[in-house]
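In our numbering, the protein residues as written are 26 to 506.
We treat Cβ as the ideally placed atom computed from N, Cα and C, and that holds for glycine.
Reading through the structure tokens given below for one structure.
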Amino acid sequence: MHLGQEITPNTFLQYTELKRIFIRNYYDCAPNRRVMEYPEFPNSEEYTPIQEILQGKAKDSVRIRGWIYRTRSSGKLAFVVVRDSTGIIQCTVSREKVEETDFANARKALIESSILLEGEPVKDDRAPGGWEIRASKFEVFHFAETFPITKDQSDEHLLNNRHLWLRSRNMVAALKIRSTVFKAFRDYWTELDFTEIQSPSFTTSACEGGSTLFNVSIDDENEKSGQKFYAHLSQSWQLYAEATMFGLENIFTLAPSFRAEKSRTRRHLTEFWHAEVESAWLHNHQMMNLEEGMIMHIISSVLSKNRAELEFLGRDISVLENIKAPFDKMKYEEVLDKLNSMGFDLVWGDDFGYKEEKALTQDLKTPLYITNFPKEKGFYHRPDPSDPKSLVCHDLLAPEGYGEIIGGGERVWSPDELVERIREEGLDPESYGWYLDIRKFGSVPHSGFGLGIDRTVSWLCGSDHIKHVIPFPRTMRRTTP
RNA sequence: GCCGCUGUAGCUCAGUAGGUCAGAGCAUCCGGCUGUUAACCGGACGGUCAUCGGUUCGAAUCCGAUCAGCGGCGCCA
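Now the structure itself:
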């Protein structure tokens, strides 16, 4: 078989052979295995990540590829700062040391042009980063048009050009940290033998506040054929998790959730990434302990992998280093007293708004658990037998004013009690169908929680807005780019 | 659902007691500079002042509506 050969319905052998050829030609950079089909594809030579050069690990002569980050020139010397995914480095292109066309191109190429460059890495204090490359060859792979983002930036302009702003060092740093958080979450629960499962995004459950649901339907064409489709977008895997739990006992998910709230704040998105866990036979305080371990694991992962990114974002790393478990725990009632002693005027049943959360957390060094919220907070949480006006549940508030990142608790597991709670909330048990059904066949105590991943990343990055830590933020007023 | 704000050149903005008010810096283009740090010097290009309507002799400026976006509250993760 060879590349370009028509692919017929393949046997497994044919497929693996194709794959082998593909890998050899495109991804294997060993000197005796060169690209044959597409010689212009800049993958046949060895290229050095910029980070390695900045660390002084490079050889006498290096070859890099990347994008022009900044550029300025005089008649005989051009300074071209090049970035790749690992860093930026200044390259000097001297008229005397390269081909005439290379020098002309170096002067001409605009910001974000993609380039290939060969030269000698030199330690030089005049260069940002302490190292620069003295070019012997400068090749433009693609001349960029004028880049719309310049030094004058506004939030709105950066959001309108998010597809381009993703190249910025800020976004790159935040997204690397985000990736670490996702991985740390998965690793932690996988290590504890929890099973990752997926729940649907299309739902018809009426179980959550209807005012914040997105409706999904399709256009007329299918109506003609008599088909109809109508659903909501999921706000949480919660109900599905409780069903799935009976087979797997300990489960988690990582998925988007959708809230049609018209929230316009630094901690809200209409589409956010929801990390959720549900576990059979587990009590609230046990789940809280596991969550604490998870948060600590996430923090230590970020500290060990993303120090450079945290520094670039201007994060005070010592704040993260000083976070210690166990976290403080307060009952809702105690928090009420504390807030009132700080000048608030709250009575039992009042919610903590952002002002209250901020007052509570802005001077904290570690996250804070609040437990035993009033019964009105949710019908699916279990009332505390020792204090029936409150629930066996908890929120976790991030310090430094970031506020709630986790909400969770022990679920009502008795079918009769659940029906009673639903009625107390003025809801109709009839509309809960299968959710009540799953309680009828060997119900067990269980606990779970939801973690706002984007909020967590925002806190760890020290970001002033949640939209800075997700590639394409979605709000009620923005679905493009 | 509630409160507030913005819209003038590609970008960031100045300009309103209504009358040389179409302006600056950056970007781009042309020219100059051998060490710049989103450099510097000279020149050029660039706008129906968001849209529609009203008031007026005259509107970027005053009024109304519409559109788009931003910040915050409530709610939540």
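With distances taken between CB atoms, is the gap from residue i to residue j smaller than 9 Å?
{"i": "K162", "j": "W156", "result": "no"}
{"i": "S304", "j": "S193", "result": "no"}
{"i": "R95", "j": "I136", "result": "yes"}
{"i": "V87", "j": "I93", "result": "no"}
{"i": "E316", "j": "V302", "result": "yes"}
{"i": "V197", "j": "S110", "result": "yes"}
{"i": "I222", "j": "F277", "result": "yes"}
{"i": "L476", "j": "H299", "result": "yes"}
{"i": "L279", "j": "F227", "result": "no"}
{"i": "N397", "j": "E358", "result": "yes"}
{"i": "R446", "j": "P413", "result": "no"}
{"i": "R159", "j": "E170", "result": "no"}
{"i": "F377", "j": "G433", "result": "no"}
{"i": "L217", "j": "N275", "result": "yes"}
{"i": "P506", "j": "W306", "result": "no"}
Taking the alpha carbon of residue i as the reference point, which residue from the options has its own alpha carbon closest?
{"i": "T290", "options": "R480, F398, P470, K390", "result": "R480"}
{"i": "L338", "options": "A199, N186, F128, R97", "result": "A199"}
{"i": "Q178", "options": "F104, L189, A169, I430", "result": "L189"}
{"i": "G91", "options": "V165, P153, P146", "result": "V165"}
{"i": "G428", "options": "A134, F404, S415, E382", "result": "E382"}
{"i": "K356", "options": "L393, D150, Y405, A129", "result": "L393"}
{"i": "S288", "options": "L476, R499, T505, P506", "result": "R499"}
{"i": "K2", "options": "I491, H490, H322", "result": "The structure shown has nothing for residue 2, since the chain only spans 26 to 506."}
{"i": "P440", "options": "K84, E125, S468, I89", "result": "S468"}
{"i": "C486", "options": "I431, R203, T504, K349", "result": "R203"}
{"i": "K330", "options": "T205, D212, N365, I114", "result": "T205"}
{"i": "P410", "options": "G403, K402, E435", "result": "E435"}
{"i": "K349", "options": "N185, N314, L364", "result": "N314"}
{"i": "E125", "options": "L102, I113, I243", "result": "L102"}
{"i": "G154", "options": "P351, P470, P399, I113", "result": "I113"}
{"i": "I12", "options": "K253, A333, N347", "result": "Because the chain is modelled from 26 through 506, residue 12 falls outside the range shown and cannot be assessed."}
{"i": "V372", "options": "W438, P399, C418", "result": "P399"}
{"i": "L335", "options": "C116, D127, K201, K354", "result": "K201"}
{"i": "A384", "options": "D375, G368, I320", "result": "G368"}
Just to confirm the assignment, what range does the beta strand (DSSP E) spanning residue i have?
{"i": "K356", "result": "353-356"}
{"i": "K414", "result": "412-416"}
{"i": "W156", "result": "156-167"}
{"i": "R255", "result": "What sits at residue 255 in the sequence shown is Tyr, not Arg. 255-258 is the extent of the beta strand (DSSP E) around Y255."}
{"i": "S242", "result": "240-242"}
{"i": "Y379", "result": "It is not in any beta strand (DSSP E) - Y379 instead sits in the alpha helix (DSSP H) that spans 379-386."}
{"i": "V469", "result": "Note, V469: premise wrong, no beta strand (DSSP E); not H, not E."}
{"i": "L102", "result": "102-109"}
{"i": "Q76", "result": "No beta strand (DSSP E) holds Q76; the alpha helix (DSSP H) holding it covers 75-79."}
{"i": "F404", "result": "Where F404 is concerned, there is no enclosing beta strand (DSSP E), given that its DSSP letter is neither H nor E."}
{"i": "K148", "result": "139-148"}
Heavy atom of the ligand FMN less than 8 Å from the Cβ of residue i, yes or no?
{"i": "R284", "result": "This structure does not include the ligand FMN; it has no bound ligands of any sort."}
Would you report the Cα separation of residue i and residue j, rounded to the nearest angstrom?
{"i": "L191", "j": "R108", "result": "13 Å"}
{"i": "K122", "j": "F297", "result": "52 Å"}
{"i": "W484", "j": "L258", "result": "27 Å"}
{"i": "I495", "j": "A266", "result": "25 Å"}
{"i": "Y457", "j": "Y405", "result": "12 Å"}
{"i": "F466", "j": "P454", "result": "17 Å"}
{"i": "M501", "j": "Y379", "result": "20 Å"}
{"i": "V360", "j": "V106", "result": "53 Å"}
{"i": "D462", "j": "T269", "result": "13 Å"}
{"i": "V327", "j": "S224", "result": "28 Å"}
{"i": "F239", "j": "H493", "result": "24 Å"}
{"i": "F37", "j": "P281", "result": "At F37, the pLDDT of 48 sits below 50, so the modelled position is not reliable; the number obtained from the coordinates is stated separately. Distance between the alpha carbons of F37 and P281: 35 Å."}
{"i": "T229", "j": "L142", "result": "56 Å"}
{"i": "L364", "j": "D370", "result": "8 Å"}
{"i": "Y72", "j": "L345", "result": "35 Å"}
{"i": "G29", "j": "L184", "result": "Unreliable positioning characterises G29 in this predicted model, as indicated by a pLDDT of 43, which lies under 50. The coordinate reading is nonetheless provided below. Taking the straight line joining both Cα atoms gives about 41 Å."}
{"i": "S488", "j": "R340", "result": "8 Å"}
{"i": "P74", "j": "I89", "result": "7 Å"}
{"i": "H419", "j": "A333", "result": "34 Å"}
How would you write the range of the alpha helix (DSSP H) that residue i sits in, first residue to last?
{"i": "S483", "result": "478-486"}
{"i": "D462", "result": "458-462"}
{"i": "S439", "result": "Counting along the chain, S439 falls outside any alpha helix (DSSP H), and DSSP gives it neither H nor E."}
{"i": "L279", "result": "Not the alpha helix (DSSP H): L279 falls in the beta strand (DSSP E), residues 275-283."}
{"i": "R132", "result": "125-133"}
{"i": "K208", "result": "194-216"}
{"i": "I89", "result": "Here I89 belongs to no alpha helix (DSSP H); instead the beta strand (DSSP E) covers 87-98."}
{"i": "F337", "result": "332-337"}
{"i": "R187", "result": "187-190"}
{"i": "L345", "result": "342-346"}
query = Do the region 424-439 and the region 374-389 meet, that is, are 3 or more Cβ pairs less than 8 Å apart?
reply = yes
query = Touching or not, the region 119-133 and the region 97-108, by the rule of three or more beta carbon pairs under 8 Å?
reply = yes
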